[in-house]
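First residue of the sequence shown: -9, per the working numbering; consecutive thereafter.
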Amino acid sequence: MSTPETGDVSSGDVPFIMNRVQDWTVVEFRTASLMDPLVLERTGQALYHLIDAEDRRMIILDFSQVQYISSQAIGIVLTMNKKLSGLKRSKFVLCGVGEKLMQLIKITRLDRLLTIKPTQEEAVKVQNIL
């Protein structure tokens, strides 16, 4: 069961909404394209804030609606992974990764570094496995 965050960041400033699912912070991207540098700058700041200021340690990024992603967006994902991997009791999972995005992830071999699950439901179960 998910519950919307208070102070939801789904305004026009960032292309995502956040929900809480059990102990997880789930970030659902609400755009087909993560390519705009200015939007990605704000997105990165908001996502880093979750880790650095709010001490969120269990984060799922849901890419179900995303078809196109820039190298800047991949950099944000990698920075989040690095920040979280340095924290105890932290987990970082990607889900809803479409075919085009998965091809890019495999070409860059990031599938060896990142935890990727097909759905949010599968991603939430990661805490029970790790």
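Beta carbons are placed, not taken as given, at the ideal position from N, Cα and C, and that holds for glycine.
Along the chain, where does the alpha helix (DSSP H) that runs through residue i open and close?
i, result
"R32", "27 to 42"
How many angstroms separate the CA atom of residue i from the CA atom of residue j?
i, j, result
"L77", "N9", "22 Å"
"A22", "A43", "28 Å"
"D26", "L84", "21 Å"
"P108", "F53", "10 Å"
"L104", "L37", "17 Å"
"R32", "N71", "18 Å"
Rounded C-beta distance between residue i and residue j? I'm assuming under 8 Å.
i, j, result
"Q117", "K81", "6 Å"
"Q62", "G88", "Contact flag wrong, Cβ pair sits at about 19 Å."
"L51", "V29", "Not confirmed; about 15 Å, so no contact."
Following the continuous beta strand (DSSP E) through residue i, name the residue where it begins and the one where it ends.
i, result
"R10", "6 to 11"
Using DSSP's beta-bridge definition, name the partner residues of residue i.
i, result
"V17", "M8, L51"
Whole alpha helix (DSSP H) runs in the stretch 33 to 111 with 4 or more residues, listed along the chain?
-> 61 to 75, 89 to 97
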